[in-house]
Structures are given as C-alpha cells and as structure tokens.
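Under the working numbering, the first residue of the sequence shown is numbered 718, with each subsequent residue one higher. Report on one structure; see the data block that follows.
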Amino acid sequence: MTRRSPFRVPAALASAAAALVVLSGCMTVHGEREVLPAVSQADAAKALKHFANGFNKANRTLDSTVNASYESGALLAIDQAGIKAAHGVRPDGNPNFTPLAFTDTHFTVPQQKGWPKFFVADGLSNRQGQGGQNTRWFLVFSRDSVTAKWRATYLATFPGNKAPELKVTDGFAEAVPADGSSGLAVDPGKLSQAYADYLNTGKGDAFAPGQETDRLRAWRASQANQPGARIQWQDQASELPPVALRTTDGGALVFFSTVYHQQKTVSKGLMITVPAELRGIMEGPAKKNTSRMAFTTVSGQTVLVPAKSAGGKVAVLNRIEAKTSAKAL
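Here's what the structure looks like:
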C-alpha cells in the first residue's frame, strides 16, 4: 500500500493548473497580479527531473559550475561547496558516483500572487538514511519570473520520512506570508535573525530544546577552548527569503537559512593543517604555516512554527550545512 504523503496534491490540481494554459482568445493571465497556482503538476515533475539530472552530472564530474543550473539560494551554496571540496580531493571527478533517483513523487503547490513563486516536491530517493531506510527528500523549488527556470532552494528530510501535515484546500497548499500577518509565534521573515540571535546568546524562549538548539550551543562551547586552540564564532541572519506553508493545526512549516562564521586560533609555535577536503573551498593562497583561519558555513533549517494563538515553541526538524569558504589569516 502506498503511503499517502501529506505533501501529495490530488489530480484535480493538474486539471486546474492545465486550464490556465489553455485560456482562449487574447486573455493574458498575469502571475504578478493574479492569484494562480505556482506551477502545473507536469512542470513540477520536469523541475524535479532537471534537478536529478543536474545533481548527477555535478557529482559525477565534480564541476561546481553545474550547480547553478539546477539550484539557487541556500541549497546552491551548500551543495556547490560540497562539490568544490570533493573536487579538491578528486580533481578528475567521480565516475563511479551512484546516480540519484526518485520514486513515489508528489508535489505540493500553493496558489500565489506575485514573485517569487515556489512549490515543494517530495520523492523517495535511493539514498539510505539511519536504519537502512531509503530517505524521502523534500525539495523547495522557486523562481523569480515566468521566464526563469525552477531551481531547488531548500532540502529537508524527516525522521521516518514523515513530514508535518500541511493544510490543503481544493488541492492547493496555503503559502504563509513572511510578515506580521502570518499569525505565527515567529514570523517567517524574522526566523533567520531570531535563530542566529539564539545561537549567539542562548537567550530567548522562541526555540524548543533539541539537537539543533541548546545541544548545538553546548557542543560549540565544548569545542571553543581546547589545549592550544581557541574557536570563536558568530551566527548571522541570511538575506535569502524563507518559504512557509500552513499546517493543519494553524502553524507553519518554514524553510530558512543562516550563516555561521568561525575563527580558529592556535597557540604560538603551533600550526593549523588544512585537511584535503577543505582545500577546494580555500580563498586566496593556502599557507603552509598558519596559526589563524576563518571559516564560513551556510545552513538551511526546516522548522515547525506554532500559531501565535496556540502558544508553544519553534521546533527545528531538520538542518543541513556546509563550510562554504576557508581562509588563512
């Protein structure tokens, strides 16, 4: 029996969206002024296929210039850094890379006015997670105009492949505004700054305890002062726009990004050895002997935000990150 994804969009969506492209006469439908489905089911499927093809080419050739053809935003920064790092270790590419493939795919499409527009694709990948279970990938696709290509901007996975249940009315999901009209405990547009502030200070009660909140802060503190080495850090809000969809309980599933800066300093007489996997993201010439280095990390978070009226705290469900630059100081 096929599991019913909370992100599944009924067949009615396909027909409703298709109707938009067969309007007769000289009528023009303006996506910037009218509330319309963000994408048809057929075009959503093409976008997911384009992503998989680009992902496979980039990871086979380890050519980081390929990433921008199928990704943007936080996911581009994260995956492109990974390709650069891998190329530093394997400059001839990875011909034995196992191609990514999806089955049991579904598309969650909101009706939106203006740009950017977005939708979510989820599919069962051939990548195994904990326990040997194949992992379902949830990808947010976005574009800024009718002539732009759909590119993946966020990626999340969930324990047991179970995503929060989204509110769907007449086949369409509900996009949540980023501003104060969201009705959420924390507006989507303020989440990046709120999360960065929390990680920096530990103050505030907006975020629930968990692996990516209080435990992440505790782990960083344990790494900050080691024999002969010190690590300083600061989190920063990202300017990349969040994506939010209403859940059935009145809250929202929100995707957003942050930036994390680190500086590592070792004691006099000691030197930092740059591992091979970081050489591909080095800025400037690599110094043989350096006692200070700076690192930048981009992360993408997927969180469940309760409705303001319901109380409760923001739960971080998934977080992915990658070091995007390293520099000897």
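Idealized CB from N, CA, C, for every residue including glycine.
Rounded separation between residue i and residue j - CA only
{"i": "ALA946", "j": "GLU994", "result": "21 Å"}
{"i": "ARG932", "j": "THR874", "result": "20 Å"}
{"i": "ILE1037", "j": "VAL971", "result": "14 Å"}
{"i": "THR822", "j": "ALA880", "result": "14 Å"}
{"i": "GLY897", "j": "ALA818", "result": "39 Å"}
{"i": "ALA1024", "j": "PRO754", "result": "25 Å"}
{"i": "ARG934", "j": "TYR787", "result": "33 Å"}
{"i": "ASP839", "j": "ALA762", "result": "10 Å"}
{"i": "PRO808", "j": "VAL991", "result": "17 Å"}
{"i": "LEU872", "j": "ALA913", "result": "20 Å"}
{"i": "GLN850", "j": "PRO816", "result": "18 Å"}
{"i": "GLY846", "j": "ASN1035", "result": "13 Å"}
{"i": "SER789", "j": "ASP922", "result": "32 Å"}
{"i": "MET744", "j": "SER909", "result": "Annotation note: pLDDT 39 at MET744 (below 50); position unreliable, no value reported."}
{"i": "GLU929", "j": "GLN980", "result": "21 Å"}
{"i": "TYR915", "j": "PRO905", "result": "15 Å"}
{"i": "GLN828", "j": "ASP887", "result": "11 Å"}
{"i": "GLN943", "j": "GLY919", "result": "21 Å"}
{"i": "ASN878", "j": "VAL983", "result": "42 Å"}
{"i": "ALA938", "j": "LYS866", "result": "42 Å"}
{"i": "VAL756", "j": "PRO833", "result": "12 Å"}
{"i": "ASP760", "j": "PHE814", "result": "27 Å"}
{"i": "GLN948", "j": "LYS907", "result": "Gln is not the amino acid found at residue 948; the sequence shown has Ile there. Their backbone Cα atoms lie some 28 Å apart in a straight line."}
{"i": "GLY927", "j": "LYS766", "result": "34 Å"}
{"i": "SER842", "j": "THR820", "result": "7 Å"}
{"i": "LEU779", "j": "ILE998", "result": "13 Å"}
{"i": "PRO876", "j": "GLY848", "result": "11 Å"}
{"i": "VAL739", "j": "GLY900", "result": "Residue confidence is low: VAL739 scores 34 on pLDDT, short of 50, so the model does not pin down where it sits. No coordinate-derived value is stated."}
{"i": "GLU956", "j": "TRP936", "result": "26 Å"}
Neighbourhood of residue i by C-beta, 6 Å cutoff - its chain only, sequence neighbours within 5 removed
{"i": "ARG844", "result": "THR852"}
{"i": "ALA1045", "result": "LYS1004, THR1007, MET1010"}
{"i": "ALA925", "result": "LYS1030, ALA1032"}
{"i": "THR1013", "result": "HIS978, THR1041, SER1042"}
{"i": "THR1019", "result": "ALA873, PHE972, LEU1034, ASN1035"}
Same chain only: Cβ atoms within 7 Å of residue i, ignoring 5 sequence neighbours per side
{"i": "GLN951", "result": "ASN917, HIS978"}
{"i": "VAL783", "result": "GLY771, LYS774, ALA775"}
{"i": "GLU751", "result": "LYS830"}
{"i": "GLN797", "result": "SER781, ASN784"}
{"i": "VAL903", "result": "ALA911, ALA923, VAL1022, VAL1031"}
{"i": "ILE989", "result": "LYS981, VAL983, THR1007, SER1008, MET1010"}
Presumed contact (8 Å Cβ cut-off) between residue i and residue j, rounded CB distance
{"i": "ALA794", "j": "VAL1015", "result": "4 Å"}
{"i": "PHE855", "j": "VAL826", "result": "That pair is no contact at about 14 Å."}
{"i": "ALA954", "j": "THR975", "result": "6 Å"}
{"i": "ARG777", "j": "ASN811", "result": "6 Å"}
{"i": "GLY1017", "j": "ALA791", "result": "4 Å"}
{"i": "PHE835", "j": "VAL857", "result": "6 Å"}
{"i": "ALA1027", "j": "GLY986", "result": "ALA1027 to GLY986, Cβ: 56 Å. No contact."}
{"i": "PHE973", "j": "ALA869", "result": "Not a contact, Cβ separation roughly 15 Å."}
Neighbourhood of residue i by C-beta distance below 8 Å, restricted to the same chain and skipping five residues each side
{"i": "THR964", "result": "PRO881, GLU882, LEU883, LYS884, LEU970, LEU1021"}
{"i": "LEU737", "result": "The predicted position of LEU737 is uncertain, since its pLDDT is 35 and thus under 50; no value can be drawn from it."}
Near the ligand SAH: residue i beta-carbon under 8 Å from a heavy atom
{"i": "VAL857", "result": "Looking at this structure, you won't find the ligand SAH or any other ligand, since it has none at all."}
Problem set entry | Stretch pair the stretch 950-961 + the stretch 892-900: three plus CB contacts closer than 8 Å | yes
Exercise. With a cut-off of 8 Å, do at least 3 Cβ pairs link the stretch 789-805 to the stretch 1022-1042?
Worked result: yes
Problem set entry | Whole runs of the alpha helix (DSSP H) within the stretch 883-931, excluding any shorter than 4 residues | 905-918
Exercise. What are the start and end residues of each continuous beta strand (DSSP E) run of 3 or more residues lying completely inside the stretch 821-854, in chain order?
Worked result: 834-845
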